[in-house]
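Trainee: Here it is: the structure, laid out below.
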Amino acid sequence: MNNKYIDLIKKLTALVTLAYVFLLPPVLNAQEAQHQPKVGLVLSGGGAKGFAHIGVLQVLEEAGLKIDYITGTSMGAFVGALYSIGYTPGQIKEIAIGQNWMDLFLGQASRRLLPMVEKDQADRFMAIFPIKPGRVEMPYGLISGQNLQALLTRLTWPAHQVNDFIKLTIPFCCLATNLENGQRVVLNRGFLPEALRASMSIPTVFRPVEIDGQLLVDGGLVDNLPADEALKMGADIIIGVDVSSALRSREQINSLLNVLDQTMSFQTYASVQEQRKLCNLLLVPDLSEYTPADFNQVEDLIKKGEQAAREALPELKKLIDSMGLGKINRPINNSAPPESIFICNIEVEGLSRVSKKSVLSELALKPHCWISSHNLALAIDKVYNTQFFEGVSYRLEPSQGGVCLRVKVVEKDHQILGLGLRYDSNTNAEILFSLNFRNLLGHSSQLAADLRLGDSPELKLSEFIHPGLGPGLGERVSLCIVKYPVFLYREGQRWASFNYTIGSGDIFLGTIYSKSMEVGGGIRMEYFEKKPDIAPMGIPEISGRHLTLMVSLNMDTYDRSEFPTRGHKVILSHRMANREIAGRADFFKKLGQWQGCFPLNKKLSFNGNMFWGNVSGLDIPEHYRFYLGGLDQRQGVIPMAGLKPMELDGNNIMGLGIGAQYEAFPNRFVTGSWNIGKAGDGYWRDQLDRHNLVSGIALGLGILSPVGPIKIDVMGGSHHTLLANLRLGYNF
């Protein structure tokens, strides 16, 4: 054989040998990896108790355990999803501690972003019912979940482009329940924040989420510990963390609510017991001292989870060593949302009665711009706060040159019935029925009919309309008939009362759709009757009519209507009646009023107020006089601590006050205030005489509940040693 061919064969043989030597270990390693047991982590639901999962994750990472699959339900889905897209346990802990979970779950619109016309309508109702053709229906849930959806959408920015959850950094799936048939639904595809929102949708509390034509609610109803899904994904070893509540003992079943809760828990409990059997290692943190609603105990709950995992650490390490489980190997801190994104296109879907132009106007975003996650969240909030939508969400989709911002809206039922209920120890119980029709008279219009029953019954029809949802001129027309009492006092004791019945029609033009300020003017035609109720003999009935011209400026930046912590309220108004135009009254009425709140920290805020008013002219109707007293600003009455409602009256008023508010516990308040002022008919120099001034103080305890505020106050001052007042429900 030719020597040249022999040399070639030798070289090829050597090359094959080298390849065999160097390539064999990786092949063997790949085969070993294929046969290495896969670990599935299963996280149960449990409301606030689900924060314990974060502590468990911290210990698992410290032990070096590599998680290959994650399944979860409800809060377990939330924690598991963040971990699956690359958040570290430390980052998830910071997120959990940094949230105001009660505000998130309440899902209320940000009051500071509401149009001025909506601020007058907000926070009046205890319940809202949609109206369908021919019937009134119960709402799907008490809470829209908008704030929770916004949080989930922002935190999952890095995964917006992933439609298959198996392709996340750690393959993931979560569970929900089909509301129509009670079947469990496995969510392993789609839009991640939407899937999480469905898995966390507590029935009757949150509105259900519609995905692929299915109405979905909390998966914990049928499967609160989905270990079998981890096995289906390919897991060989299952580590389960169960924070769900056990069934109550006989001694604990001591009320109707406990009986209902126990019977509803049977199916969930049975399912959890079966799923526990599939777990190779089961962690059950001791959370007996906590409830699913303890969202103010985040750090303690995390520590409980960490404690349970550390106690199981020897067993966990034994499992790692015996099974040859993989060590953790993933990028750290790789999933925090980018600071900003470049939007190249904007799409809006879900519109039928509201125009796209109106939504884009409120978004105030244009294609080909950079925007931060914070500013994008504010833009979405502005659209939601127009009150024309039940929910507003968005998705970032990859597009040439940037991302496409796809905004999804769910329009509100255009016909609703609102129900309000309040009690005041001074005015007794009142109930409000309110019919609201949106877009009936055109895009972005509102027609309302309010009926209030109680000591001050009222029937009012109002219509609001404007060309767009952005700031601009709007028009308001209203017809109203109201009856309310006016009290007269002598030496602190009520000696007479009169009933006023007033029918009026208003037309007002102004910036009623601005976010913080309303400036405008209008006219009012009014007819009134005054009849003695409890009064000395000989006092006649009085009636009359007049037309008034009015201009006003109203500013409102309060963060909430009850127990505000920041913001201002300003009222400047001027009314004029002229007998040459209509009626026999000839007067001017001017009022200036300011209230402000200044937060010192998250719990403590200070507040102040000032007011000044004057009525001058001839034949002034008595209901146009000023009245001071009580703690609620109502029909013609300015509040003043230390006085009974309407205890002082006059054509001239002035006063100021200061106060403080401390949030001792979430939505639990301690308040205190001091004020000084005067009402009378004399000259201003007489009003300022210190002997004519009235002072008072008030101390109060309050609760901001889902159905409205509850507040009790005790007062004292220069006119009374001790007064008390109890109020339940929103003002209307």
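If you read the sequence shown in our numbering, its first letter stands for residue 262, the second for the next number, and so on. Every residue gets a Cβ at the ideal spot worked out from N, C-alpha and C, and that includes glycine. Predicted, not measured: the structure shown is a model, and the values here were computed from it.
1) In this structure, what does DSSP give as the bridge partners for A757?
2) Around the C-beta of F603, are 16 or more other C-beta atoms found within 10 angstroms, so that it is buried, or is it exposed?
3) Leaving out five residues before and five after G611 in sequence, what residues of the same chain have Cβ atoms less than 8 Å from its Cβ?
4) Count the other CB atoms, across all protein chains shown, that sit within 10 Å of the CB of L574; report buried if there are 16 or more and exposed otherwise.
5) Quick one: what's got a C-beta closer than 6 Å to G853's C-beta in the same chain, skipping five residues either side?
6) How about L436 and G501: are their beta carbons less than 7 Å apart?
7) Determine the burial state of R683: buried for a count of at least 16 other Cβ atoms within 10 Å of its Cβ, exposed for fewer.
8) What is the C-beta distance between F725 and Q707, in whole angstroms, given that I count them as a contact (C-beta under 8 Å)?
9) Measuring straight from C-alpha to C-alpha, what distance separates A531 and L448?
10) Are G933 and L960 touching if we call contact CB-CB under 7 Å?
11) May I ask which residues mark the beginning and end of the alpha helix (DSSP H) holding N646?
12) What does the alpha-carbon distance come out to for the pair S758 and L365?
13) So, for L279: in the same chain, excluding its five sequence neighbours on each side, which residues have a beta-carbon less than 7 Å away from its beta-carbon?
14) Just tell me which of D974, R713, T826 has its CA closest to the CA of R373.
15) So, R450 versus D484, is the Cβ gap smaller than 7 Å?
16) Do you know offhand how far E323's Cα is from I692's?
17) At the level of alpha carbons, what is the spacing between Y655 and L416?
18) I427 CB to nearest chain D CB: under 7 Å?
19) Could you pull out every residue in the same chain whose Cβ sits closer than 8 Å to the Cβ of C605, ignoring the five residues on either side in sequence?
20) Write down every uninterrupted run of the alpha helix (DSSP H) in the region 323-350 whose length is 4 residues or greater and which is fully enclosed by it, in chain order.
21) Is it true that the region 373-384 meets the region 635-655, where meeting means three or more beta-carbon pairs spaced less than 8 Å apart?
22) Which residues share a DSSP beta bridge with M915?
23) Would you report the Cα separation of L987 and W935, rounded to the nearest angstrom?
24) Which value, in whole angstroms, describes the spacing of the CA atoms of E550 and K310?
25) Out of curiosity, what's the CA-to-CA distance linking L989 and S460?
26) State yes or no: is the C-beta of M584 within less than 7 Å of the C-beta of P298?
27) Between G1000 and G306, which are expected to be in contact by the criterion C-beta below 8 Å, what is the C-beta distance as a whole number of angstroms?
28) Just the Cα atoms here: how many angstroms apart are L814 and W855?
29) According to DSSP, which residues form a beta bridge with R656?
30) With DSSP as the reference, please indicate the residues paired to L810 in a beta bridge.
31) Under the rule that 16 or more other beta-carbon atoms within 10 Å means buried, what is W418, buried or exposed?
32) When you compare only the Cα positions, how much space is there between S616 and A625?
33) Buried or exposed: T465, going by 16 or more other Cβ atoms within 10 Å of its Cβ?
34) Taking the C-alpha atoms as reference points, what is the distance between I353 and G347?
35) Among the residues of its own chain, which have a CB less than 6 Å from the CB of F867, if the five just before and after it don't count?
36) Could you tell me if R929 is buried or exposed, where buried requires 16 or more neighbouring beta carbons within 10 angstroms of its beta carbon?
Mentor: Let me spell this out:
1) Partner(s): L749.
2) Flag for F603 reads exposed.
3) So the list reads K669, V670, V671, E672, once near-sequence residues are dropped.
4) L574 comes out exposed.
5) A distance below 6 Å between beta-carbons, with the five flanking residues on each side excluded, links G853 to the following residues of its chain, in chain order: L833, W873.
6) No.
7) Under a 10 Å Cβ-count criterion, R683 is classified as buried, with 16 or more other Cβ atoms of the shown protein chains found around its own Cβ.
8) Contact between F725 and Q707 holds: CB atoms are separated by about 5 Å, below the 8 Å threshold.
9) Going by C-alpha positions, A531 is about 22 Å away from L448.
10) Contact: yes.
11) Premise fails: N646 is in no alpha helix (DSSP H) and is neither H nor E.
12) Approximately 47 Å, taken between the alpha carbons.
13) Here the model assigns L279 a pLDDT of 33, short of 50, so the residue's position is not dependable, and the following value carries that caveat. Excluding positions up to five away in sequence, the list is empty.
14) Each of D974, R713, T826 was checked against the Cα of R373, and the nearest Cα belongs to T826.
15) No, the pair does not count as a contact, with Cβ atoms beyond the cut-off.
16) Cα to Cα, E323 sits roughly 58 Å from I692.
17) When rounded, the distance between both Cα atoms is 12 Å.
18) Of the protein chains in this structure there is only one, and it is not chain D.
19) These residues qualify, in order along the chain: P628, H629, S660, Q661, G662, G663, V664, C665.
20) List check, alpha helix (DSSP H) in window: 336-345.
21) They touch, by the three-pair rule.
22) According to DSSP, M915 bridges with W873, K939.
23) Their Cα atoms are separated by approximately 19 Å.
24) Rounded to the nearest whole angstrom, the CA to CA distance from E550 to K310 is 10 Å.
25) Roughly 34 Å between the two C-alpha positions.
26) Yes, Cβ-Cβ distance for M584 and P298 is below 7 Å.
27) No answer is possible for residue 1000: the residues shown for the chain start at 262 and end at 993.
28) Whole-angstrom Cα-Cα distance: 12 Å.
29) Per DSSP, R667.
30) Its beta-bridge partners are I784, M837.
31) The residue is buried, with at least 16 neighbouring Cβ atoms inside 10 Å.
32) S616 and A625 have their C-alpha atoms some 15 Å from each other.
33) T465 is exposed by the Cβ-count criterion.
34) One alpha carbon belongs to I353, the other to G347, and they sit about 10 Å apart.
35) Within the same chain, F867 has close Cβ partners F859, A921.
36) R929 comes out exposed.
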